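Step one of this worksheet: look at the structure below.
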């Protein structure tokens, strides 16, 4: 049982006794203890990505953050270094990255590899949610292209560095951020880009978040015995600009949902558990929520009404393998 189980069982809303990302770092005893290790996190310029970066910086790890705009990324570096919590002299670097452009992904990965041959932690955090229909620069439906394919290509290019960094004492980790929204539906292999059927922003989001789980599960199956492990994470319900495309009255929060809401520092806690906790050393292939492994959903409860559990298709090995092979073809990485 998670050491934080009691706090999560008695949630009272944002800022309550549930742990923050920095608290996880302190509780794990790794403040200033990860010197010489390297982490890369996508989308760290705001929200839970920023709080994840702040917590990792406190460990002394060499940190790479990505941002769509390099100038804003440099401003984020100052925010990370001057933010709350333990201070570190460890370097923080910015990589310009647009996940909706495979060319940009390749350039960002190359820029990282030009400076580093090893990477200990890769956190696939950036994403978009329930956006109007549009396509990426490479012609993919935007949520599938951004949330999955961009991250998939980045992982492909950085896998050698992740494998090279792994040691028996600290095996390399990939953390793939998913969502309870994956329960809307699985991967639509017959129509990934909604070119045959009408577009539904939530169905598209659900497909991309299921893909995030499949990516982590497949990394674990393919590379776990080589010292590279992966976990998928649902950070919980956090009010950030991720929902900027949603009408103000589109989500009706129940009283329980209001109590389950987290602030960004709390929303980043499960990511940090997956990235640095001793509990998950040398392990992967699981779906985490509230700082612990989550269980299956109650199929009688609609996904939007209960922030609990993974869908029946979340651990479909054949579908995960098919998505991996399909994605290799789509991004042109063999």
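In our numbering, the protein residues as written are 1 to 334. Yeah, the Cβ is synthetic: ideal placement off N, Cα and C, and Gly gets one too. This one's a predicted model, so the numbers in the text were calculated from it and none came from an experiment.
Under the three-state reduction of DSSP, residue 142 is assigned to helix. Straight-line measurement puts the Cα of residue 18 at about 5 Å from the Cα of residue 7. For residue 236, same chain residues with a beta-carbon under 6 Å away, outside a window of 5 residues either side, are 262, 267 in chain order. Of the residues assessed, residue 15 falls on the exposed side of the cut-off, its CB having fewer than 16 other CB atoms within 10 angstroms. Between residue 27 and residue 223, the alpha-carbon positions lie close to 29 Å from each other. Assignment of beta-bridge partners to residue 293 by DSSP yields 288. Contact check for residue 86 and residue 31: beta-carbon distance about 5 Å, within the 8 Å limit, so the pair qualifies.
If the five residues before and after residue 176 are omitted, its C-beta is found closer than 6 Å to the C-beta atoms of 124, 212, 215, 216, 232, all from its own chain and listed in chain order.
Per DSSP, reduced to three states, the secondary structure at residue 177 is strand. Residue 313 places its beta carbon less than 8 Å from that of residue 210. Less than 8 Å divides the Cβ of residue 39 from the Cβ of residue 120. When rounded, the separation of the alpha-carbon atoms in residue 299 and residue 309 is 9 Å. CA-to-CA, the gap between residue 150 and residue 41 works out to about 13 Å. Shown here, residue 11 sits in coil according to DSSP, grouped into three states, outside any helix or strand. Rounded to the nearest angstrom, the gap between the Cα atoms of residue 58 and residue 190 is 45 Å. Counting only residues of its own chain and dropping the five nearest sequence neighbours on each side, residue 174 has a CB closer than 6 Å to the CB of 122, 219, 230. In the assembly as shown, residue 82 is an exposed residue. Its beta-carbon has fewer than 16 other beta-carbons within 10 Å.
Assignment of beta-bridge partners to residue 92 by DSSP yields 63.
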